[in-house]
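So for the sequence shown, the numbering used here puts the first residue at 635; every next one is plus one.
In this text, a Cβ means the ideal position worked out from N, Cα and C, and glycines have one as well.
Data first, discussion second: the structure below is written as structure tokens.
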Amino acid sequence: MTYVWFVTATSSSTIDPQGQLEIECQRCAACCRWPGEVRLSEHEISKLAGFLNLAETEFIEQHTRLRQDRLGLALKERSDRSCIFLEDTTCTVQPVKPLQCQEFPNRWLNLLWGKVSLAAMERDYPMLFACSAFKNFLKKHET
Numbered sequence: 635m636t637y638v639w640f641v642t643a644t645s646s647s648t649i650d651p652q653g654q655l656e657i658e659c660q661r662c663a664a665c666c667r668w669p670g671e672v673r674l675s676e677h678e679i680s681k682l683a684g685f686l687n688l689a690e691t692e693f694i695e696q697h698t699r700l701r702q703d704r705l706g707l708a709l710k711e712r713s714d715r716s717c718i719f720l721e722d723t724t725c726t727v728q729p730v731k732p733l734q735c736q737e738f739p740n741r742w743l744n745l746l747w748g749k750v751s752l753a754a755m756e757r758d759y760p761m762l763f764a765c766s767a768f769k770n771f772l773k774k775h776e777t
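And the structure:
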């Protein structure tokens with residue numbers, strides 16, 4: 635199977651003024667169930683704490699852990715490695731979710747599409763292939 639690397643906008647994807655691909659999230663929550671590290675900035679900690687009506691120190695104690703690189707904080711995960719803010723397929727902090735979450739899958743798509751092989755993308759970024767929006771994108775760009 636081959637894919638069209640030159641992409642035009644479809645009903646579920648657009649190309650923004652800077653030429654970046656944007657695919658519409660399908661709210662499948664696959665990214666929220668994928669093991670990984672959601673890194674948090676100080677600003678995101680403040681926004682999340684305020685949204686949850688917690689003091690920042692309470693939020694940090696209850697919902698974060700030290701990042702693997704020990705250079706900051708990340709969200710804690712559940713025992714199944716899903717996001718602590720995922721309820722069924724709903725993000726309970728959707729209005730203030732971290733930038734890393736907001737940018738998925740578009741940031742990865744724009745960094746990789748047409749620059750690395752699909753096989754390399756699947757090997758190194760398997761979470762993309764669990765994403766409903768990305769699966770739909772691939773179907774529309776098959777040749």
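Worksheet item: Excluding five sequence neighbours on each side, which residues of the same chain lie with their C-beta closer than 8 Å to the C-beta of E711?
Response: The residue given as residue 711 occupies position 77 in the sequence shown. Contacts found: P669, C717, I718.
Practice prompt. Assign I679 to one of three DSSP states: helix, strand, or coil.
Written response: Position 45 of the sequence shown holds residue 679. Helix.
Worksheet entry | Nonlocal neighbours in the same chain, by C-beta distance under 7 Å from L709, ignoring five residues either side | The count along the sequence shown starts at 1 and reaches residue 709 at position 75. Counting only Cβ-Cβ distances below 7 Å, and skipping sequence neighbours, we find V672, L674, H697, T698, C717, I718.
Worksheet item: From F771 to Q728, what does the alpha carbon distance come to, in whole angstroms?
Response: As a position in the sequence shown, residue 771 is number 137, starting the count at 1. As a position in the sequence shown, residue 728 is number 94, starting the count at 1. Near 23 Å, if we compare the C-alpha coordinates of Q728 and F771.
Worksheet item: What's the gap between the Cα of F693 and the Cα of K731?
Response: Looking up residue 693 in the sequence shown gives position 59. Looking up residue 731 in the sequence shown gives position 97. If you take the alpha carbons of F693 and K731, they lie about 14 Å apart.
Worksheet item: Looking only at C-alpha atoms, which of L720, S713, T691, E721 sits nearest to L707?
Response: On the sequence shown, position 73 is the one that residue 707 refers to. It is T691 whose Cα lies nearest to the Cα of L707.
Worksheet item: Which residue or residues does DSSP assign as beta-bridge partners of E711?
Response: Counting from one through the sequence shown, the residue named residue 711 turns up at place 77. DSSP lists C717 as partners of E711.
Discussion item. Out of A754, T726, G748, which one is the CA nearest neighbour of F685?
Written reply: As a working mapping, residue 685 is identified with position 51 in the sequence shown. Nearest of A754, T726, G748 to F685, Cα basis: T726.
Item to complete: Kindly indicate which residue of E656, E695, M755, C765 has the alpha-carbon position closest to the one of T723.
Response: Reading the sequence shown from its first residue, position 89 is the one you call residue 723. When only C-alpha atoms are compared, the closest one is C765.
Worksheet item: Do C665 and M761 come within 8 Å of each other at the CB atom, strictly closer than that value?
Response: Locating residue 761 in the sequence shown gives position 127, counting from the first residue. Locating residue 665 in the sequence shown gives position 31, counting from the first residue. Yes, these two residues count as a Cβ contact at 8 Å.
Fill in: Cβ separation of A753 and I657, assumed to be a contact under 8 Å, to the nearest whole Å
The count along the sequence shown starts at 1 and reaches residue 753 at position 119. The count along the sequence shown starts at 1 and reaches residue 657 at position 23. Going by Cβ atoms, the distance from A753 to I657 rounds to 20 Å, so no, they are not a contact pair.
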